[in-house]
Amino acid sequence: MVTRKPIDGLKGAPFIVQNNIDIDNLREPLKLFEGSAREAAKGFPANVNVAVALSLAGIGPDRTRMQVWADPTVPRNVHRIEVEADSARFSMSIENIPSENPKTGIITALSVIALLRKQRATLCVGT
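Set out below in structure tokens:
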């Protein structure tokens with residue numbers, strides 16, 4: 001999985017702070033991190049919930065590979081998922097509009113609301 005986020009969405013992430021990385025004056029994309037989804041969750045806990053969900057639904061947080069990019073050229077949180085298996089290869093991308101909190105997308109809050117409503121529903125269709 002490759003995540004690209006605008007600069008404001010990554011400010012204050014533990015990985016950036018611990019490694020003393022200056023992202024404020026970037027003019028082009030900068031790869032900040034490459035490693036497992038588990039490591040990404042520790043370094044970017046407010047930024048990679050998509051990677052954690054993907055890893056839990058797939059091959060696990062230690063085998064799911066992740067890149068995090070600070071990208072001043074993107075206005076949205078961009079997540080590209082690439083899967084290669086014995087039986088198939090596919091890719092998918094999603095571009096979330098940041099919420100008032102630039103670390104996460106509007107879709108995150110909407111997904112939580114949908115889940116809570118679904119849990120109280122007497123009839124459930126789909127996932």
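For the record, in the sequence shown the residue sitting at position 80 is 80 according to our numbering, with numbers rising by one throughout.
Beta carbons: idealized from backbone N, C-alpha and C, even for Gly.
As the structure is a computational prediction, the values presented were derived from the model and not from experiment.
If you follow the beta strand (DSSP E) that Leu-32 is part of, which residue opens it and which one closes it?
Indexing the sequence shown from 1 puts residue 32 at position 32. Start and end: 30 to 36.
Following the continuous alpha helix (DSSP H) through Val-50, name the residue where it begins and the one where it ends.
Here residue 50 corresponds to residue number 50 of the sequence shown, with the count starting at 1. Unbroken alpha helix (DSSP H) run through Val-50: 49 to 57.
Can you give the beta carbon distance from Leu-10 to Ala-70, rounded, assuming they're within the 8 Å contact cut?
Residue 10 sits at position 10 when you count from the first residue of the sequence shown. Residue 70 sits at position 70 when you count from the first residue of the sequence shown. Sure, about 5 Å apart at Cβ, within 8 Å.
So is Thr-73 buried or exposed if we call it buried at 16+ other beta carbons inside 10 Å?
In the sequence shown, the residue the question calls residue 73 occupies position 73. Residue environment analysis places Thr-73 among the exposed positions, since fewer than 16 neighbouring C-beta atoms fall within 10 angstroms of its C-beta.
Look at Ser-93 and Val-78 and say whether their C-beta atoms are less than 8 Å apart.
Within the sequence shown, residue 93 is the residue found at index 93, counting from 1. Within the sequence shown, residue 78 is the residue found at index 78, counting from 1. With contacts defined as CB atoms closer than 8 Å, Ser-93 and Val-78 qualify as a contacting pair.
Expressed to the nearest angstrom, what Euclidean distance is found between the alpha-carbon atoms of Gln-119 and Ser-111?
Counted from its first residue, the sequence shown places residue 119 at position 119. Counted from its first residue, the sequence shown places residue 111 at position 111. Their backbone Cα atoms lie some 12 Å apart in a straight line.
May I ask you to report which of helix, strand or coil DSSP gives Pro-14?
Translated into positions along the sequence shown, residue 14 becomes position 14. The answer is helix: DSSP assigns Pro-14 an H, G or I state.
Exposed or buried, what is Ala-13 when buried is set at 16 or more other beta-carbons lying within 10 Å of its beta-carbon?
The residue you call residue 13 lines up with position 13 of the sequence shown. Buried: at least 16 other Cβ atoms inside 10 Å.
So Thr-3 is in the beta strand (DSSP E); what residue range does that whole segment cover?
Taking the first residue of the sequence shown as position 1, residue 3 is located at position 3. Boundaries of the beta strand (DSSP E) harbouring Thr-3: 2 to 5, taken from the DSSP string.
Would you mind reading off the limits of the beta strand (DSSP E) that contains Ser-87?
Translated into positions along the sequence shown, residue 87 becomes position 87. It is not in any beta strand (DSSP E) - Ser-87 carries neither H nor E in the DSSP assignment.
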